[in-house]
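In UniProt numbering, the protein residues as written are 1 to 678.
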């Protein structure tokens, strides 16, 4: 066969090979195992060697799926017998589940071998050499070591390498047979365990499913068909092998030609070895069966016999490997690049305290730079989709909420809506003295002012607690993010941040206290709005007094700044009503200045303290915590954390594995390219 075969195969779908097999069978009346192997040896073996090398390197642990022929079937469907016929060796047999762990069977044609060479590989590199006579016992022993001596199963594989003259170059994975009812010694969830293993192997698109069906059952009722259809609905990855054809020949032709279960790669009917037959005798009997049996002889010769099955599997295997190799190369390169970049980004090993101090200040610099963006400059390129870290916007929202919680108008007493100015009247009565009539007592104004301010003094305290709770969360998260490679110092960093925030809260609480005390110490403002507002309100003074003093006038009037009010109750206090009106006008005008000072003063304080925290206080606090006490904090950085060390080792191992894998596929791709040029 031309060495240009592989590039051509790589462009074919697996389904195309069904037609190819008919032509191959027509070209030869008798197809022997050795002839099959010789036809494909030069082309298939390099591909198989490459994939097996990748499988041995455990590249699948990196999430890279390898092209695999997976053998599935219901319990007692004849899976093991099919594999025995392909390999020419005896596998474990018995009642119940014979295959209790995945068995990776690697068949290698070795024309120079005088006798078969067999070895088992399992349990992280353990290799056991065995023989044809003892291979079943060796597999049983390895299985017992992995899955226990009972009837349980395991997903840890055993690899059986068979080097033998005349066998086809194939790698197949035999999985436990599907059983729904546990027998004595098996766990109750044996079906679920087996189904989980099977689906893990047949789900990847790189897997070819070799579904072994017994001719004695209806194919649609087979559990293995149901499972394969779940992952391969079109059947394009499924090839069916029909065993026990000699026991149920009636209707078999219709079964494999009607294809009720959607087998995209077609069917191959076989007769397995019976009793003490040798494998050569079994092949002769198989050929005679499909040639002379009145029913089975009607089945197309491209669909019968172990040699045809071997030929078909080798074709499919070569095609799927050649097709998948470019994607495998890409995946290896992508993961190698990603892991190398990740390793480069990990912190360097720290060898002494000086290294640790440099690393510490590098972290602090990164943290402060991030916080300056988030909390000072309003830049959030580091967290574009996380609104929580859009610091200036969130603090501005809290300030807006604070401003809304402070009443824009002077707070009223609880009964003030029904009794306009009565609060002022009562205060005037209690502060009056022996003095000139109509003289407005300043002490009355201060008493009312104190009462009004005290009703809102909790609001600024609530704001600073909200702001510092938010800032603490942002600072802590960003600090932990930049120090994630040194978790051993994160507890110290947490303490430093908590200490710093306690100081910030105390400083802000003191500032709020001083703001309130300043409002209570005296009544003063240079804000021109005060006089303008007071004048506007006092323009209604005369109409107000007229309504109070003249009982013939309506008791309800509309006043600037107060709206519609009832003054009937004030006619009994006509002597104080004018002063009460003036007092309320002054409080109303002055309240706006108070609110403005409370809002502006606290906003500027918050901005100043946040800026100071980012530019100075955080670094100083962290330095005190980690560099104090004879550098005890940074010395902990010298001891690598288990997670960081484990991650570094994992990345290094992955990079070594991926580089080896890259070399393996590069070599085979070069050979394929060279073959295409011949």
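We put the beta carbon where it would ideally sit given N, CA and C, even for glycine.
Point to revise | DSSP three-state assignment for residue 164, whether helix, strand or coil | key: Against the chain shown, residue 164 aligns to sequence position 164. Note: residue 164 maps to strand in three-state DSSP.
Practice item. Kindly indicate if chain B contains any beta-carbon less than 7 Å away from that of residue 650. Key: Given the protein chain composition of this structure (a single chain), no chain B is represented.
**Study point:** Proximity winner among 247, 321, 596, 461, relative to residue 528 (alpha-carbon distances)
**Key:** The residue labelled residue 528 in the question sits at position 528 within the chain shown. When each option's Cα is compared against that of residue 528, the closest is 596.
Practice item. Quick one: measure Cβ to Cβ for residue 405 and residue 459, integer angstroms, because I've assumed they're closer than 8 Å. Key: Position 405 of the chain shown, counted from the start, is the residue given in the question as residue 405. Position 459 of the chain shown, counted from the start, is the residue given in the question as residue 459. Confirmed, about 5 Å.
**Study point:** Within 7 Å, strictly: CB atoms of residue 447 and residue 619
**Key:** As a first step, residue 447 must be located in the chain shown, where it is residue number 447. As a first step, residue 619 must be located in the chain shown, where it is residue number 619. Cβ atoms of residue 447 and residue 619: not closer than 7 Å.
Point to revise | residue 330 versus residue 661 - alpha carbon distance | key: Numbered from its first residue, the chain shown carries residue 330 at position 330. Numbered from its first residue, the chain shown carries residue 661 at position 661. Rounded to whole angstroms, residue 330 to residue 661 spans 12 Å at the Cα level.
Check your understanding: Apart from the five residues on each side of it in sequence, which residues of its chain come closer than 8 Å, Cβ to Cβ, to residue 681?
Key -> Look at the range of the chain in this structure, 1 to 678, and you will see that residue 681 is not part of it.
Exercise for review: Could you check what DSSP says for residue 109 in three-state terms: helix, strand or coil?
Suggested key: To locate residue 109, count along the chain shown from 1; it is residue 109. Strand, per DSSP.
**Study point:** Terminal residues of the beta strand (DSSP E) in which residue 117 lies
**Key:** Your numbering for residue 117 matches position 117 in the chain shown. 117 to 122 is the span of the beta strand (DSSP E), which, as asked, contains residue 117.
Exercise for review: Let me know the secondary structure DSSP gives residue 210 once reduced to three states.
Suggested key: Locating residue 210 in the chain shown gives position 210, where the first residue counts as 1. Here residue 210 sits in strand by DSSP.
Check your understanding: Alpha carbon to alpha carbon, what distance is there between residue 671 and residue 31?
Key -> Numbered from its first residue, the chain shown carries residue 31 at position 31. Numbered from its first residue, the chain shown carries residue 671 at position 671. At residue 31, the pLDDT of 38 sits below 50, so the modelled position is not reliable; the number obtained from the coordinates is stated separately. Between residue 31 and residue 671, the C-alpha separation is close to 28 Å.
Check your understanding: Helix or strand or just coil, what does DSSP make of residue 320?
Key -> Numbered from 1 along the chain shown, position 320 holds the residue referred to as residue 320. Helix at residue 320.
**Study point:** For residue 292, the first and last residue of its enclosing beta strand (DSSP E)
**Key:** Counting from one through the chain shown, the residue named residue 292 turns up at place 292. Taken as a continuous stretch (DSSP letters only), residue 292 belongs to no beta strand (DSSP E), being part of the alpha helix (DSSP H) at 279 to 292.
Point to revise | Exposure of residue 455, with buried meaning 16 or more beta-carbon neighbours within 10 Å | key: Working through the chain shown from its first residue, we reach residue 455 at position 455. Answer is exposed; the Cβ neighbour count stays below 16.
Point to revise | Segments assigned alpha helix (DSSP H), at least 4 residues, entirely inside the region 523 to 598 | key: 528 to 538, 541 to 549
Review point. Going by other Cβ atoms of all chains shown within 10 Å of its Cβ, with 16 needed for buried, is residue 288 buried or exposed?
Key: For the purposes of this step, residue 288 is taken as the residue at position 288 of the chain shown. Residue 288 comes out exposed.
Check your understanding: Whose C-beta lies closer than 6 Å to the C-beta of residue 482 among residues of the same chain, with five residues either side of it excluded?
Key -> Locating residue 482 in the chain shown gives position 482, counting from the first residue. If we look at residue 482 and ignore the five residues flanking it on each side, its Cβ neighbours are 363, 366, 367.
**Study point:** Spatial neighbours of residue 468 in its chain, beta-carbon cut-off 7 Å, leaving aside the 5 residues before and after
**Key:** Along the chain shown, read from residue 1 onward, the residue named residue 468 stands at position 468. 501, 504, 505, 508, listed in sequence order.
Practice item. Go ahead and label residue 381 buried or exposed: buried means 16 or more other beta carbons lie within 10 angstroms of its beta carbon, across all protein chains shown. Key: The residue given as residue 381 occupies position 381 in the chain shown. With fewer than 16 other Cβ atoms within 10 Å, it is exposed.
Practice item. Note the first and the last residue of the continuous beta strand (DSSP E) segment covering residue 269. Key: Here residue 269 refers to the residue found at position 269 when the chain shown is read from its first residue. Run containing residue 269: 267 to 269, per the beta strand (DSSP E) assignment.
Review point. Does the beta-carbon of residue 198 have 16 or more other beta-carbons within 10 angstroms, so that it is buried, or is it exposed?
Key: Position 198 of the chain shown, counted from the first residue, corresponds to residue 198. By the neighbour-count rule (16 or more Cβ atoms within 10 Å), residue 198 is buried.
Check your understanding: How about residue 138 and residue 128: are their beta carbons less than 7 Å apart?
Key -> The sequence position of residue 138 within the chain shown is 138, counting from 1. The sequence position of residue 128 within the chain shown is 128, counting from 1. Cβ atoms of residue 138 and residue 128: closer than 7 Å.
Check your understanding: With DSSP run on the structure shown, which of helix, strand or coil describes residue 99?
Key -> Mapped onto the chain shown, residue 99 falls at position 99. Coil.
**Study point:** residue 363: first and last residue of the uninterrupted alpha helix (DSSP H) it sits in
**Key:** For the purposes of this step, residue 363 is taken as residue 363 along the chain shown, with counting starting at 1. Segment 353 to 371, the alpha helix (DSSP H) holding residue 363.
Practice item. For residue 277, collect the residues of the same chain with a Cβ closer than 8 Å to its Cβ; drop the 5 residues on either side in sequence, then sort them by chain order. Key: Within the chain shown, the letter at position 277 stands for residue 277. The answer, listed in chain order, is 285.
Review point. Relative to the alpha-carbon of residue 302, which residue among 275, 268, 279 has its alpha-carbon at the smallest distance?
Key: Walking along the chain shown from the start, residue 302 turns up at place 302. Closest by alpha carbon: 268.
Check your understanding: Does DSSP put residue 233 in a helix, in a strand, or in coil?
Key -> Taking the chain shown and counting its residues from 1, one reaches residue 233 at position 233. In the structure shown, residue 233 sits in coil (DSSP, three-state: anything other than H, G, I, E or B).
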